[in-house]
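The sequence shown begins at 4 in my numbering and counts up one residue at a time. Glycine is no exception: its CB is placed at the ideal position from the N, C-alpha and C atoms. Nothing here was measured: the structure is a model prediction, and the numbers come from that model. Everything below concerns the one structure shown next.
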Amino acid sequence: MTGVNASGGFTLDNAAVQRAVGELNGTVTELRTAGRAVDANIWGNGKSGANCEAGRGYETEGAAIAAALQRTVTWVKVWATATEVTAGVTGGAAISLTEVDGANARDLNGKAAALPSS
């Protein structure tokens, strides 16, 4: 595996992390697109009449289906946000491990080398 050595012999494959972040961000786009598609096509509140294109004569069932679709839209929006946050945190962690932690390790190594030997 190629990657960046962080402290403690830990090696991070930065390219693989960035690919994963890209895939997560692609998932966010797909989830948001799906959520908008469902949200734009909800048929109404299930009550027979002008605000409902399906479920006429089945008011109770139509209301249950409409509520389930709305819950689905809400779930998709939450999942998209969670995935987006995961992508951001993963990318940030890669930076911390390779740059910040690596710099700290180099600094400590320099200080350790400067200590008098016993």
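Ends of the alpha helix (DSSP H) at residue i?
i, result
"Val-81", "62–98"
Going by the CB atoms, is the gap between residue j and residue i shorter than 8 Å?
i, j, result
"Leu-100", "Leu-15", "yes"
"Ala-83", "Val-31", "yes"
"Val-41", "Thr-93", "no"
"Ala-96", "Val-24", "no"
"Gly-29", "Lys-80", "no"
"Thr-86", "Leu-27", "yes"
What is the DSSP secondary structure of residue i, reduced to helix, strand or coil?
i, result
"Leu-27", "helix"
"Leu-15", "strand"
"Asn-107", "helix"
"Leu-118", "coil"
"Asn-112", "helix"
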